[in-house]
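Counting along the sequence shown from 1, when you hit position 202 you're at 202 in the numbering used here, and nothing is skipped either side.
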Amino acid sequence: MTANHLKSIRGFTIWELLCIILILFFLVAIMMPSLNKVKKISSRVVCGTNLKGLGTAASVYADDYEEWFPELPGEGEWSKTLGFAYDMEKPDFGKDGAQYRTGRTISASWYLLVREVDVSPKSFVCHETNQTAFGYEYYSSSEHITKYWDFGDDPYQHVSYSMHNPYGRFPTRGSFSASFAFAGDMSPWFDHGDIIQPNDNPREWWEGVRLLPPYFSDSTISREKIMQANSIPHRREGQNIIFADGHSEYVKVPDVGVNHDNIYTFWSGVLDSMVSAEATEKESKLEVSEMDKRIGTNPTSRSRDNDAKSAEDSFLAI
Numbered sequence: 001m002t003a004n005h006l007k008s009i010r011g012f013t014i015w016e017l018l019c020i021i022l023i024l025f026f027l028v029a030i031m032m033p034s035l036n037k038v039k040k041i042s043s044r045v046v047c048g049t050n051l052k053g054l055g056t057a058a059s060v061y062a063d064d065y066e067e068w069f070p071e072l073p074g075e076g077e078w079s080k081t082l083g084f085a086y087d088m089e090k091p092d093f094g095k096d097g098a099q100y101r102t103g104r105t106i107s108a109s110w111y112l113l114v115r116e117v118d119v120s121p122k123s124f125v126c127h128e129t130n131q132t133a134f135g136y137e138y139y140s141s142s143e144h145i146t147k148y149w150d151f152g153d154d155p156y157q158h159v160s161y162s163m164h165n166p167y168g169r170f171p172t173r174g175s176f177s178a179s180f181a182f183a184g185d186m187s188p189w190f191d192h193g194d195i196i197q198p199n200d201n202p203r204e205w206w207e208g209v210r211l212l213p214p215y216f217s218d219s220t221i222s223r224e225k226i227m228q229a230n231s232i233p234h235r236r237e238g239q240n241i242i243f244a245d246g247h248s249e250y251v252k253v254p255d256v257g258v259n260h261d262n263i264y265t266f267w268s269g270v271l272d273s274m275v276s277a278e279a280t281e282k283e284s285k286l287e288v289s290e291m292d293k294r295i296g297t298n299p300t301s302r303s304r305d306n307d308a309k310s311a312e313d314s315f316l317a318i
């Protein structure tokens, strides 16, 4: 065997191996952003599919209840905690009943889809959040899940989606506008059932959105400020929304309701100070109206004044 032949079969040199390793690292570095983007889109789609299913179930529910979307019976106030045991066998929601005026959670209205439409508790969880599905570890395997009235003692651990407040003056009906938002990814104003204050309030957010056309532009320098008003799970890049007519969308801004209504706030009508002094009275009224819809007021409590002001005013909460 010749020396040249031995040289040809001896394998790679250290320098050749280093070059190969560097090339592999380079290829991985190029591919990682694409892989991360695919993962983000995949997670977003799964969460959107869950929400779409909930919207379909809500429409089925409405067909059985004269176009009314899920709303726990009674006249109790919107509350963080359910006013009776979630596993109570027979609550009395009659006008003279003990549970007629007890506190009602929005999650209990969501749970009606489990009771009435056989929706799986898994459908209420987006895996981009830290919630877990309400499962057998929370109740006896001998009990049937459709007997309950809420997602256990801590429902906020098991629900990733906000719903238009069903206990206000304008609960969702099937006759509402096709652009009325019924539900969506969790409102940025809530964290585990608590009302919070994000980094930017709606008034500050307006400074980022006021100069934009009606739809979002990725090229704007105000992108980060605009994102503060988005739902948190998808890195504040946007949110999945289900509308009253059953169609769903992934949107990059929250002002996507009726006439650019901000779906996570309610109308306030007190933004006159933000209108320029040069505007005429007519222009001021028009601008305030648009601004109030696109910005609105963030919730600070679960009181009656923290509520939608119109059948065109979506207010997604939990």
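By construction, the Cβ of each residue, glycine as well, lies at the ideal position given by its N, Cα and C atoms.
This one's a predicted model, so the numbers in the text were calculated from it and none came from an experiment.
Asked                                                                                              : Found
Given 8 angstroms, three or more beta-carbon pairs between the region 299–306 and the region 85–95 : no
Beta-carbon spacing of Leu51, Leu112 below 8 angstroms                                             : no
Same chain, Cβ closer than 6 angstroms to His192, neighbours up to 5 away in sequence not counted  : Tyr156
Which of helix, strand or coil DSSP assigns to Glu249                                              : strand
Paired residues, beta bridge with Asn240 - DSSP                                                    : Tyr250
Neighbour-count burial assignment, Asn130, 16 or more Cβ in a 10 Å radius                          : exposed
Same chain only: Cβ atoms within 8 angstroms of Asp64, ignoring 5 sequence neighbours per side     : Glu116
Nearest-angstrom Cα separation, counted from Met163 out to Trp110                                  : 8 angstroms
Closest residue to Gly77 among Gly55, Arg104, Ala85 and Ala58 (Cα-Cα distance)                     : Note that residue 77 is Glu in the sequence shown, not Gly. Answer by Cα proximity: Arg104.
Option nearest Glu290 by Cα separation, candidates Trp267, Gln99, Gly83 and Asp150                 : Trp267
Under the three-state DSSP convention, the category Asp194 falls into                              : strand
Residue environment, Ile14, which counts as buried when at least 16 other CB atoms sit within 10 Å : exposed
Residue burial classification, Tyr136 (beta-carbon count within 10 angstroms, cutoff 16)           : exposed
Proximity test, Arg115 beta-carbon vs the ligand FMN heavy atom, cut-off 7 angstroms               : Because no ligand of any kind appears in the structure shown, any question about the ligand FMN cannot be addressed here.
For Phe84 and Met227, the rounded distance between their alpha carbons                             : 38 angstroms
Ala108: first and last residue of the uninterrupted alpha helix (DSSP H) it sits in                : Ile106 to Val117
Gln239 and Val258 closer than 8 angstroms at C-beta                                                : no
Collapsed DSSP secondary structure at Ala29 in the structure displayed                             : helix
Pick from Trp68, His144 and Asp150 that is closest to Ser79, judged by C-alpha positions           : Asp150
Backbone secondary structure at Leu316 - three-state DSSP                                          : strand
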